[in-house]
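Single-structure report; data block below.
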Amino acid sequence: MIPLRIDAAAVEPVSVADLRAYLRFESDDDGAEDALLQALITAVRASLEIETRRILVPGRYRIALSAWPPDGQVPLPLSPLVALLRAGFAEAGGVTDLAAGLVRRGPDPVEAPGLLVDPAAPDPAGRTILIEVAAGYGGDGPPLPAPLRLAILRLAAARYEHRGDEPDAARTDAADLAAPFRRMRL
């Protein structure tokens, strides 16, 4: 099961203005490098999402299952898991939603994100189970932890200052900031 993002990130967790302030750009700078700064923020955020196995911007994800898990637990690689938006069966004309409460969010949406399926949930009978969830820091989810925000700023600044020759010290510093938030894989 691979969750598919069904909407794009609307806002990065760090703005270009935040990065410009962190880099101490002069106020008379004409903003000619704002596109580069935005690209650096996006790239750094994506690399930290891989490093920490957490979603740093809010988004909607779709999961498709062929059957309910035997133990009724659907672990998800989406942390923090904010909400279950929809659960149902794919039909020829769309999706038939399940009754409320048959699928619900697990008790620990940050450290062990997942869904719980009620034993009374109907058998899919060859149909695909479609589940949509909201996940990520910001938006309706929890705020982005300050160390992760600082890691984005530091890494983006280091990549800006050392374009083409990534310094190991900056990478290690940002990785150290992100380390406490990294979800372990079993």
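As numbered in numbering that gives the first Met the number 0, the sequence shown has no gaps in its residue numbers, which increase by one up to the final residue, 185.
Glycine included, every Cβ here is placed at the ideal spot set by N, Cα and C.
Since the structure is predicted, the reported quantities are computational estimates derived from the model, not experimental observations.
Extent of the continuous alpha helix (DSSP H) to which residue i belongs
i	result
Y159	145 to 160
E50	33 to 51
Separation of residue j from residue i, as counted between CA atoms
i	j	result
S14	A66	42 Å
L129	I54	21 Å
A63	P2	8 Å
R182	P79	10 Å
G87	V94	6 Å
A177	P142	15 Å
F180	D17	22 Å
L115	L75	11 Å
V81	D6	15 Å
A156	Q72	41 Å
D29	G138	31 Å
P121	G92	19 Å
Q37	V10	11 Å
Extent of the continuous beta strand (DSSP E) to which residue i belongs
i	result
Y60	58 to 64
V73	72 to 74
V109	Unbroken run through V109: none, as it is neither H nor E.
R182	First-last for R182: undefined, no H or E at that position.
A86	80 to 90
A99	No beta strand (DSSP E) holds A99; DSSP gives it neither H nor E.
L77	Segment: none, L77 is in no beta strand (DSSP E) and carries neither H nor E.
A133	128 to 134
Counterpart residues of residue i in DSSP-defined beta bridges
i	result
E11	Paired residue(s): none; E11 is not in a bridge.
R4	Y60
L115	Q72, R103
Rounded Cβ spacing between residue i and residue j (contact assumed at less than 8 Å)
i	j	result
L83	R52	No, L83 and R52 are not in contact; Cβ-Cβ is about 20 Å, not under 8 Å.
R126	E90	7 Å
Decide if the region 94 to 113 is in contact with the region 146 to 155; the criterion is three or more beta carbon pairs, one per stretch, under 8 Å apart. no
Stretch-stretch touch, CB-based, cutoff 8 Å, three pairs: the region 44 to 58 with the region 133 to 142: yes
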